[in-house]
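Here is the structure we will look at.
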Amino acid sequence: MRIKATIMVTLKSLVYGWKNVLLMFCVFPLILALIIGNSQKEHFKPEVNRDKINITLIDEDNSKLSNSFKELLNSDDMKKIFNITNKGDYILIIPKNYQENLINAKETTIKIDEKKRISSTNELIITNLIREYGEKVSENIVIQNKIALSDIENKYNLYATINEKITKLYEKSSLNTTIVKAERVLTSMENQAATLMTYMMFTIVMSCIASYNLDKENGSFKRLISTPMTKMNFFNLDLIIFFISSFIFGLVYLLGFRVAGFAFKDTNPINLFCILICQSVLIACISGIIIAFFNKKIANIIVIFLMYFQIIFGGGFIPVDVIGNQTVRSLTNFAPGNMLSQVYKSCIITNSITNFSKELLLMLIVAGCLYLISVIKINIRWEE
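According to full-length UniProt numbering, the sequence shown is numbered sequentially starting from 1.
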């Protein structure tokens, strides 16, 4: 009953302060995205103006399947996207025993060596092409092996018929569709919507910590912790409140960009809902471990440091492509919110949860680890 009452009070306070919530998590991000997005338009070329991707092919296998892959890249459709040259920006290396490993269902893939950072979109196109080709080949090998082991008469004709149907279906919905989807480029506004969410994430963490500290300062914390409720239950209650708050704040942010038409217009709402759930769990656990270990002053310093690191190296305010210094650019790999922004970017481009399900799972694993560490700390000593 006490938990239900606390949650209801939290919801009422959010409703009561709806103007502040709307201003902080909707109006402010939209204005920021509008200003920065317009200033970065030249970094986000329209799809029709994109240059061909220059690639170099190195075939270390020289097999039937590796030659088939090269023929695919030399087809008329692929020539509209790729330019095969000896001085490509991307080097595609077909490893030795590539065909043998595929036939024996062993893990293998065509390697991508990027000479210098060119475009994350180009990487997505090449990666999807390699994955789709490997999947198609593997499917055909499995079917061929099953037919070969069966007692069916006229096996060759049966295999040819099935292979023809798979190829037609594949041509309609798989490789070509994937290439088109991969080549779909983020607009400057969509990029801002994805990257500014990481900034909002730390803002939400600060908000959760601030509400916790406010309860301590106005005496609500002492009154609650003096009740028969255990510290662990009280901590879990805080996490539930953090989750609800972060979910509502994130929802306001997403709806703001969608209604304004800046981003997420054609994105499946279910995909966004799944991201929002995982994101809210992660934010709740980040806030939880901070209040478990640190006081108000140190907690604020930590969150502000992470926020500024994300602002500088996260690619939202300063595009990664314009950073010339390799040492500084390498720091962008450690921006704490990059995983979340990449999930949103992948969601916008592909609109398929399968393309970012691993990242969502990783977010939940990280959240689980943070929660376990917090539980250990709470059980040892907390707020005494």
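Heads up, the beta-carbon is just placed ideally off N, CA and C, and yes, glycines get one too.
Query                                                                                                                                                                       : Result
Quick one: give me the first and last residue of the alpha helix (DSSP H) that Asn54 is part of.                                                                            : Premise fails: Asn54 lies in the beta strand (DSSP E), Ile53 to Asp59, not in any alpha helix (DSSP H).
Could you pull the DSSP bridge partners for Lys111 from this structure?                                                                                                     : Ile93
If contacts are defined as beta-carbon pairs under 8 angstroms, then residue 392 and Ile84 qualify, I think. What distance do you get, rounded to the angstrom?             : Shown here, the chain extends from 1 to 384; a query on residue 392 therefore has no answer.
Using the three-state DSSP reduction, which class does Asn351 fall into: helix, strand or coil?                                                                             : coil
Exposed or buried, what is Ser357 when buried is set at 16 or more other beta-carbons lying within 10 Å of its beta-carbon?                                                 : exposed
Secondary structure at Phe82, three-state DSSP: helix, strand or coil?                                                                                                      : strand
In or out: Phe242 buried (at least 16 other Cβ within 10 Å) or exposed?                                                                                                     : buried
Hey, is Asp51 close to the ligand ATP, as in C-beta under 7 angstroms from one of its heavy atoms?                                                                          : As far as ligands go, the structure on display features none, and thus does not contain the ligand ATP.
May I ask you to report which of helix, strand or coil DSSP gives Met200?                                                                                                   : helix
Is it a yes or a no for the region 296-308 touching the region 255-271, going by three-plus beta-carbon pairs under 8 angstroms?                                            : no
Over the uninterrupted alpha helix (DSSP H) stretch that includes Gly368, give me the two end residues.                                                                     : Ser357 to Ile380
In chain order, what residues of the same chain have a beta carbon less than 8 angstroms from the beta carbon of Leu276, not counting five sequence neighbours either side? : Phe247, Gly250, Leu251 and Leu254
For Leu282, which residues from the same chain have a beta carbon less than 6 angstroms from its beta carbon, with the 5 sequence-adjacent residues on both sides left out? : Met363 and Ala367
Determine the extent of the alpha helix (DSSP H) in which Pro269 is found, giving its start and end residues.                                                               : Pro269 to Phe293
Can you round the beta-carbon distance between Asn379 and Met232 to whole angstroms, since I take them to be within the 8 angstroms contact cut?                            : 7 angstroms
With Asp238 as the anchor, note down where its alpha helix (DSSP H) starts and where it stops.                                                                              : Lys231 to Ala260
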